[in-house]
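What follows is one structure encoded as structure tokens, with my remarks underneath.
Numbering (the numbering used here), first residue to last: 16 to 701.
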């Protein structure tokens, strides 16, 4: 699909043609607080009545903050850490792929991401920028969602809802340019195809850039990026009780190497040396169908069917230097099918659902290691995971102001892994099955009008698997479980102009899956060798000062530690902090609506240091650690409406050009944060 020429031509042409007509500036209109509905837990609730720690970003906020992709949302979300380029991110100190570091290959992860109800492949979560063009709402859930969402939601979940078709005509176009060769365009629009019966919507987005890393060995850009996304939706209303929503989405992304180099014990920011033009490329197609049937005023049926096919291709510099010539060629083909059927009830005192789920997930992988362009070794095989579950939840307001929340999920999965070839050890074939019972129990009390206090206990779960790394023994490992205890508060004051949310939690982690060197070998294996706990606090405050100014503040404390973790070769990390997990994160922001034409926006983000790697003595005790940098980042953006339909906006990210390390691993390769970037956007909305 040629995203580039078509999308840019339509976007630029539309904006230029329609940029006319005088419009006198008026004072900012009265501030209206639109109610926010949280949908990701399958029972619609207002934000203030949602006990789970969740950050909700609406379409208006995405535009005000100039959020182009999910990384932008994560960057200012307390309780979530991320690295530039989206290579690694995590919730409450837990990496998206888990601590075993082979999640994408084994189809296991610690966080699930859903787009329009369809779960995204693990590989897409760290390789794709997850664009937010034509998105209605993003919900980031902090903490386990296993009872509701099932496997791969042990640490949290992200739910993205794109804009659905309507019977009113609509059209939007955007073109943008920025630092380091960034350029792109997007269009979206739709309307009625058959009055009151069928409506459609199409959205297309294309972005490319040179990246800010230079490869000094090849005298070229190390991390050129290119992403293209297209989505089509069809809403069919056969009668007043039946809604059918069909969605097709296609995405392509390609990027290079986002690492930097350490030379003579000094960091060479935004420079790296490699004799390989490395890249990661991912293409995927998703087809989904959501059917809602209203049985009566209280009962309804929901069916969600989704299928995603993905194709991953990569060329990696195995030695990560300009001296040797060791290259890994990696290819993975995946297929992810899911079917969920749910019966919903919504009454005056009871809201509930009961459902069944079936999932079938496959991954075929083929790795080749080349030395001086000669094949040195091959590892290939496939993994198939089949999941079956029944689940449900009841929210019962059994007395005025009191609501009891009960949920339960039974999950059964089978894992069939066949390592057909491993030139570094031997092939292996293994089949394992796992069962999990995942309860959820909570109580919510309305202290006063717009004041809610809640307590919740729920289990988290991540399925077991099989070691697929080349050179390993290809042994199986068991599931890991968490028990999460959480206290929540929601409060609004002064006619809802001051809004507060807070969650205090403790997570007990058993049978933790960890990666470690196998004793007497140089190969890394996954073991159920650890137990951990996480203690934390998340606080969010919003204040409207008059009709023009809104201030926001959010902060998190995340203290995750290994309680018992001794590797196979005797290294003891018991009592140490989680790798990559910053203890503190703070986000301060403000938006000033000068009038109906001009808005000014800024935010200030602080993230504390985190361990990247531990150092050990010969007895296996920790003697030191390598840590990432703490940092403060300042961002600015503004939008000016030239007419009622056309707006020009600009942004500056990392305004003071802070240099900082995000992954301070040993050796000559490190990861660093993005430098200062600026951009301009021209947008038209019908």
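The beta-carbon is built from N, C-alpha and C at its ideal position, and this holds for glycine as well.
In this text, all values refer to a predicted model and were calculated from it rather than measured experimentally.
Beta-carbon spacing of residue i, residue j below 8 Å
| i | j | result |
| --- | --- | --- |
| residue 586 | residue 641 | no |
| residue 436 | residue 395 | yes |
| residue 281 | residue 652 | no |
| residue 422 | residue 449 | no |
| residue 315 | residue 297 | no |
| residue 157 | residue 68 | yes |
| residue 541 | residue 482 | yes |
| residue 9 | residue 617 | Only positions 16 to 701 of the chain appear in this structure, which leaves residue 9 out of reach. |
| residue 539 | residue 274 | no |
| residue 201 | residue 182 | no |
| residue 106 | residue 95 | yes |
| residue 700 | residue 660 | yes |
| residue 301 | residue 342 | no |
| residue 687 | residue 648 | no |
| residue 476 | residue 169 | yes |
| residue 443 | residue 402 | no |
| residue 549 | residue 575 | yes |
| residue 138 | residue 349 | yes |
| residue 85 | residue 142 | no |
| residue 195 | residue 226 | yes |
Strand pairing of residue i, partner residues [DSSP]
| i | result |
| --- | --- |
| residue 110 | 105 |
| residue 467 | 461, 505 |
| residue 401 | 375, 429 |
| residue 129 | 134, 174 |
| residue 309 | 315 |
| residue 5 | This structure cannot settle anything about residue 5, because the visible part of the chain is limited to 16 through 701. |
| residue 449 | 428 |
| residue 8 | The structure shown does not extend to residue 8, since the chain is modelled only from 16 through 701, so no value can be given for it. |
| residue 267 | 243, 298 |
| residue 442 | Paired residue(s): none; residue 442 is not in a bridge. |
| residue 215 | 206, 249 |
| residue 66 | For residue 66, which the question treats as bridged, DSSP gives no partner whatsoever. |
| residue 76 | Answer is none; residue 76 lacks a bridge partner. |
| residue 284 | Residue 284 pairs with nothing; no bridge assigned. |
| residue 303 | 262, 321 |
| residue 498 | 474, 523 |
Cβ distance (whole Å) where residue i is taken to contact residue j below 8 Å
| i | j | result |
| --- | --- | --- |
| residue 263 | residue 247 | 5 Å |
| residue 204 | residue 185 | 6 Å |
| residue 547 | residue 577 | 5 Å |
| residue 131 | residue 303 | 6 Å |
| residue 356 | residue 370 | 6 Å |
| residue 108 | residue 573 | 5 Å |
| residue 627 | residue 93 | The Cβ separation is near 21 Å, so there is no contact. |
| residue 128 | residue 173 | 4 Å |
| residue 604 | residue 567 | 4 Å |
| residue 294 | residue 271 | 5 Å |
| residue 430 | residue 493 | About 11 Å; that fails the 8 Å criterion. |
| residue 261 | residue 252 | So it is not a contact: roughly 12 Å between Cβ atoms. |
| residue 663 | residue 655 | 5 Å |
| residue 133 | residue 414 | With a Cβ gap of about 39 Å, residue 133 and residue 414 do not count as contacting. |
| residue 268 | residue 230 | Their Cβ separation, rounded to whole angstroms, is 20 Å, which puts residue 268 and residue 230 out of contact at 8 Å. |
| residue 167 | residue 238 | Going by Cβ atoms, the distance from residue 167 to residue 238 rounds to 28 Å, so no, they are not a contact pair. |
| residue 433 | residue 459 | Contact doesn't hold; Cβ gap of about 47 Å is too wide. |
| residue 558 | residue 615 | In fact, because the Cβ distance is near 17 Å, the residues do not count as touching under 8 Å. |
Proximity test, Cβ basis, 8 Å: residue i and chain B
| i | result |
| --- | --- |
| residue 667 | Among the protein chains of the structure shown there is no chain B, as only one such chain exists. |
Near the ligand COA: residue i beta-carbon under 7 Å from a heavy atom
| i | result |
| --- | --- |
| residue 56 | The ligand content of the structure shown is nil, which means the ligand COA is not present either. |
Legend entry - 3 or more residues per run - each beta strand (DSSP E) lying fully within the region 542 to 627: 564 to 580, 599 to 608, 613 to 622
Legend entry - Validate contact between the region 159 to 169 and the region 406 to 413 using beta carbons, cut 8 Å, 3 pairs: yes
Inset, instruction - Specify whether the region 524 to 531 and the region 492 to 504 touch according to this definition: at least 3 beta carbon pairs, one from each stretch, less than 8 Å apart. - result: yes
Inset, instruction - Would you check if there are 3 or more beta carbon pairs closer than 8 Å linking the region 371 to 385 to the region 411 to 418? - result: no
Legend entry - Secondary structure, beta strand (DSSP E): runs of 3+ residues fully inside the region 319 to 379: 341 to 361
Legend entry - Uninterrupted beta strand (DSSP E) stretches inside the region 149 to 206 (no shorter than 3 residues): 150 to 157, 171 to 177, 185 to 193
Legend entry - alpha helix (DSSP H) runs contained entirely in the region 615 to 697, provided each spans 4 or more residues: none
Inset, instruction - Pair every Cβ in the region 349 to 366 with every Cβ in the region 384 to 393, then say whether three or more of these pairs are closer than 8 Å. - result: no
Legend entry - Sufficient close CB pairs (3 or more, under 8 Å) joining the region 605 to 612 to the region 623 to 636: no
Legend entry - Segment contact flag, the region 147 to 155 with the region 464 to 474, C-beta cutoff 8 Å, min 3 pairs: no
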